[in-house]
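J.:
Protein chains in written order, with the numbering used here: chain A, 1 to 107; chain B, 1001 to 1107.
1) Report yes or no: do the region 87-106 of chain A and the region 1078-1086 of chain B share at least 3 C-beta pairs separated by less than 8 Å?
2) Give the single residue among 9/A, 74/A, 33/A, 39/A whose Cα lies nearest to the Cα of residue 48/A.
3) Is it right to say residue 1059/B is buried, meaning 16 or more other beta carbons lie within 10 angstroms of its own, or is it exposed?
4) Output needed for residue 5/A: all residues of its chain with C-beta closer than 8 Å, excluding positions within five of it in sequence on either side, in chain order.
5) Using a Cβ cut-off of 7 Å, which residues of the region 90-102 of chain A contact any Cβ in chain B, in chain order?
6) Quick one: which chain B residues come within Cβ less than 8 Å of residue 85/A?
7) Alpha carbons only, please: which of 95/A, 13/A, 74/A is nearest the one belonging to residue 56/A?
8) Check for me: the alpha helix (DSSP H) holding residue 34/A runs from which residue to which?
9) Give a yes or no on whether the minimum CB-CB distance between residue 46/A and chain B is below 9 Å.
10) Which residues in chain A have a C-beta closer than 9 Å to the C-beta of residue 1075/B? List them in chain order.
11) Give the residues from the region 1009-1022 of chain B that approach chain A closer than 7 Å (Cβ to any Cβ), ordered along the chain.
12) Using alpha carbons as the reference points, say which of 1036/B, 1026/B, 1037/B lies closest to residue 1061/B.
13) Under 8 Å by Cβ, that's how I've got residue 94/A and residue 1086/B pegged, so tell me the actual separation to the nearest angstrom.
14) Do residue 1024/B and residue 1038/B have their beta-carbon atoms positioned less than 9 Å apart in this structure?
15) Give a yes or no on whether 9 Å exceeds the smallest Cβ distance from residue 82/A to chain B.
16) Counting only runs of 4+ residues fully inside the region 5-29 of chain A, write out the alpha helix (DSSP H) ranges in chain order.
17) Indicate whether residue 1001/B and residue 90/A have their beta-carbon atoms separated by less than 9 Å.
18) Kindly say whether residue 1037/B, judged by its beta-carbon, lies nearer than 9 Å to any beta-carbon of chain A.
19) Should residue 1053/B be flagged as near chain A, meaning a C-beta pair shorter than 9 Å?
20) Going along the chain, which unbroken runs of the beta strand (DSSP E) with 3 or more residues stay wholly within the region 48-84 of chain A?
21) Please confirm whether residue 28/A has its beta-carbon closer than 9 Å to some beta-carbon of chain B.
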């Protein structure tokens, strides 16, 4: 599921996975490493997400270049929860069609 | 919604939009043009889709390089219908969460 705003994907699987990694790892740099993503790309995605939100999803401690920690705000936690709920409910609601589509594929 | 098979997206929004364009345009080359996609890329996506299916989604008439027409098979029609049903039902099932997520974004 992707929520787009003009050309930008404001919210999609990549940003949600990154928020989850930040929650687990405690910093953008460690989160980026855990997702095999460059620090630069992770920082850009976080920045893009926070700019698109009324209130930011993460809070970064000050600290040298990529040195500080990063924690989720209640908004960040809420985004993860809502997004994962959408996935689970969508899958449940569409189980029949997804099975039919999968059965058209070669095993 | 994407159905993946290993590293490949066997079925996702790009392939479904391409099937719809082929249905409307009657050939892969015209469908590619209508989606602002190269003929090469469109042909590759159709080939990838057909190879992943037990029975193909399209039938191409013989004809010179990108010359022949292309029609959907009943399988192709079924894929479009099931995929669009999944989108509509998922959106209905998740309306509350999607509204909540959208409200976290700047207007």
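For every residue, glycine included, the Cβ atom is placed at its ideal position computed from N, Cα and C.
Keep in mind it's a predicted model, so treat the numbers as computed, not measured.
T.: Reading from the atomic positions:
1) Counting C-beta pairs with one atom in each stretch, the region 87-106 of chain A and the region 1078-1086 of chain B have three or more that are closer than 8 Å, which means they touch.
2) If we check each option's Cα against that of residue 48/A, 9/A comes out closest.
3) Exposed, because fewer than 16 other Cβ atoms sit within 10 Å of the Cβ of residue 1059/B.
4) When the five nearest sequence neighbours on each side are left out, the beta carbons in the same chain lying within less than 8 Å of the beta carbon of residue 5/A are those of 52, in order along the chain.
5) The region 90-102 of chain A vs chain B, Cβ under 7 Å: 90, 93, 94, 97, 98, 100, 101, 102.
6) The answer, in chain order, is 1094, 1097.
7) Shortest Cα-Cα distance from residue 56/A to any of 95/A, 13/A, 74/A involves 74/A.
8) Judged by DSSP secondary structure, residue 34/A falls within the alpha helix (DSSP H) whose first and last residues are 28-34.
9) Closer than 9 Å to the CB of residue 46/A there is not a single CB belonging to chain B.
10) Chain A residues near residue 1075/B: 104.
11) Here the close residues are 1010, 1011.
12) Looking at the Cα atoms, 1026/B is the closest of the given residues.
13) With a Cβ gap of about 4 Å, residue 94/A and residue 1086/B count as contacting.
14) No, these two residues do not count as a Cβ contact at 9 Å.
15) Yes, residue 82/A counts as interfacial toward chain B.
16) The qualifying runs are 13-25.
17) Yes, the Cβ-Cβ distance between residue 1001/B and residue 90/A is below 9 Å.
18) Taking a beta-carbon distance threshold of 9 Å, residue 1037/B does not count as an interface residue toward chain A.
19) Taking Cβ atoms only, chain A reaches closer than 9 Å to residue 1053/B, which makes this a yes.
20) Listed in chain order, the complete beta strand (DSSP E) runs (minimum 3 residues) inside the region 48-84 of chain A are 58-60, 70-72.
21) Any Cβ of chain B closer than 9 Å to the Cβ of residue 28/A would place that residue at the interface, and such an atom is absent.
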